[in-house]
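Engineer: Last residue of the sequence shown? That's 387 in our numbering, and every number before it is there in order.
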Amino acid sequence: MKQLLNPGKYIVAVSGGVDSVVLLNMLSNLPKIEIVVAHFDHGIRKSSETDRKFVGKLSKQYGIRFEYAEGHLGKNTSEDLARKARYKFLEAAMNKHDAEAMVTAHHQDDVIETMIINILRGTKRKGLSSLKSTEKVIRPLLNMTKADILDYARKHKLQWREDETNQDEKYLRNWVRKNVVGKLSAEQRKKFIEIYKNSERTNTEIDSILNELHYEKDNQLDRKLLRGLGHKEAKELVAHWLRLNEIRDFSAKQLEAIVVNAKVLKSGKTSSINKNNNIKYCKDFLELTKV
C-alpha cells in the first residue's frame, strides 16, 4: 500500500461496510499520510442515517476529519446514477481539501464482478480492465479478495455495517456476486485475474493511440474517421469516446446503432444514448448533447 500512496492528503471513501472499514484501518497506520474520511448518503436506504453516524463515530475514534453529503436519490435510482453522484461528491471533497487523490476500497472480487457485468453488457475489451488505480482514484485493495478482507477485519476485531440492499438481486451486481462470482473455483478466479492484467496492459497501449486520433473537443467524435474504420474498430472508438464523457450505461446494441447511424444518417439527425444524453449527427462529427 505504501507504494501506491505518496506522502500527502487523501480523501478516503468510507461507506461503513467491511471493505472501507478495513481500508481506513490500514491507511490510519501509514506515516506521512493525512486522511479525510468522506461518506456519501445516496438517500436510497432507510438505514443510511445509521451508517452516517457509524462512520462519523469511527472517524472520531481515529482522530480523522469527517466529510459527508446527502444525495436524496430515491430507492429506484440506478446503480450508474448512484455511482456518478458518489464520485461527484468525492471529487468535490478532493478540491475542497486540496487532496492528492481519492482512495476507494474496491478489491479483487469487485474486479471480477465488474468484468462479468461489462461482458454481459457487451462493452468488449474495456470491460475486462475498467476497475483499476489511476492518478486521482487509488484502489490499494485490488489484490485482496473479499475473504482476505473479512479475515483482516476479524483478526483486528473491527466493526462494520451491513448494507441490506447487497442482498437484493434486482441489482445486476448483486445477482452476479451471488450467482456467478460466489460459485467460481480458485482456479477460475485466477484465470479471470490473469485476463484482467493482460487486458489492462493492452488497453493502455490502445488508448494512447485512440487519444491521439479522434477529437478536438471531448464531446465530439470525428465522423469521417469513424466512417473510415472497420466496423469492430469503429465500435471500440465510440465506446472509448462515451466512457471519456462519463457515459458507461450503454449496450453493444447501442454501439452498433451509433456506428451504423454515423455512416447513413443525414446531418442534423439525433438519437438517444440514455435519458440524459443524445447524439447529434453533424456533417463532420458526432456531438453529445444534454436532453
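From the three backbone atoms N, C-alpha and C, an ideal C-beta is built for every residue, glycine too.
#1: Does the segment 334-347 come close enough to the segment 140-155 to have 3 or more Cβ pairs within less than 8 Å?
#2: Can you tell which of Ile343, Asn315, Lys331, Ile234 has its C-alpha closest to the C-alpha of alanine 353?
#3: Determine the burial state of threonine 200: buried for a count of at least 16 other Cβ atoms within 10 Å of its Cβ, exposed for fewer.
#4: Output the distance between the C-alpha atoms of aspartate 206 and lysine 362, rounded to the nearest integer angstrom.
#5: Can we say the segment 225-235 touches the segment 288-297, given the rule of at least three CB pairs closer than 8 Å?
#6: In angstroms, rounded to a whole number, what distance separates the CA positions of alanine 197 and isoleucine 129?
#7: Over the uninterrupted alpha helix (DSSP H) stretch that includes glutamate 209, give me the two end residues.
#8: Using only the alpha-carbon positions, how far apart do leucine 322 and leucine 216 sit?
#9: Leaving out the 5 sequence neighbours to the left and right, which residues in its chain are closer than 7 Å to asparagine 372 when beta-carbon positions are compared?
#10: Which same chain residues, not among the five before or five after tryptophan 71, have their C-beta less than 7 Å away from its C-beta?
#11: Can you list, in chain order, the residues of its chain whose CB lies under 8 Å from that of tyrosine 311, leaving out five sequence neighbours each side?
#12: Let me know the beta strand (DSSP E) ranges lying completely inside the segment 123-209, each 3 residues or longer, listed in chain order.
#13: Just to confirm the assignment, what range does the beta strand (DSSP E) spanning lysine 279 have?
#14: With C-beta atoms as the reference, is valine 272 less than 8 Å away from glutamate 209?
#15: Between His203, Met122, Asn275, Arg141, which has its C-alpha nearest leucine 238's C-alpha?
#16: Kindly indicate the opening and closing residues of the alpha helix (DSSP H) around asparagine 270.
#17: With distances taken between CB atoms, is the gap from tyrosine 158 to arginine 148 smaller than 8 Å?
#18: Mind the definition here: the segment 272-286 touches the segment 186-195 only if three or more C-beta pairs lie below 8 Å; say whether that holds.
#19: Please confirm whether leucine 260 and serine 143 have their CB atoms less than 8 Å apart.
#20: Could you tell me the alpha carbon to alpha carbon distance between asparagine 341 and lysine 251, rounded to whole angstroms?
#21: If you follow the beta strand (DSSP E) that glycine 104 is part of, which residue opens it and which one closes it?
#22: Buried or exposed, going by whether 16 or more other CB atoms sit within 10 Å of the CB of proline 236?
#23: Quick one: what's got a C-beta closer than 7 Å to lysine 365's C-beta in the same chain, skipping five residues either side?
#24: At the level of alpha carbons, what is the spacing between leucine 268 and asparagine 315?
#25: How far does the alpha helix (DSSP H) with glutamate 383 in it reach, from first residue to last?
#26: What are the residues that DSSP puts in a beta bridge with glutamine 316?
#27: Taking only three categories from DSSP, how would you classify lysine 359?
Structural biologist: Inspection of the coordinates gives the following:
#1: no
#2: Lys331
#3: buried
#4: 42 Å
#5: yes
#6: 12 Å
#7: 204-217
#8: 25 Å
#9: Lys386, Val387
#10: Outside the displayed range of the chain (97 to 387) lies residue 71, so it cannot be described from this structure.
#11: For tyrosine 311, the predicted model reports a pLDDT of 49, less than 50, meaning its position is unreliable; a value from the coordinates is still stated below. So the list reads Leu317, Asp318, Trp337, Phe381, once near-sequence residues are dropped.
#12: 129-137, 161-166, 197-199
#13: Lysine 279 -> no beta strand (DSSP E), and no H or E assigned at all.
#14: yes
#15: His203
#16: 268-275
#17: no
#18: no
#19: According to the sequence provided, residue 260 is glutamate. The question's leucine does not apply to it. In contact: glutamate 260 and serine 143 (Cβ atoms closer than 8 Å).
#20: 42 Å
#21: 104-109
#22: buried
#23: Tyr377
#24: 29 Å
#25: Careful: glutamate 383 lies outside any alpha helix (DSSP H), inside the beta strand (DSSP E) at 381-386.
#26: Glu383
#27: helix
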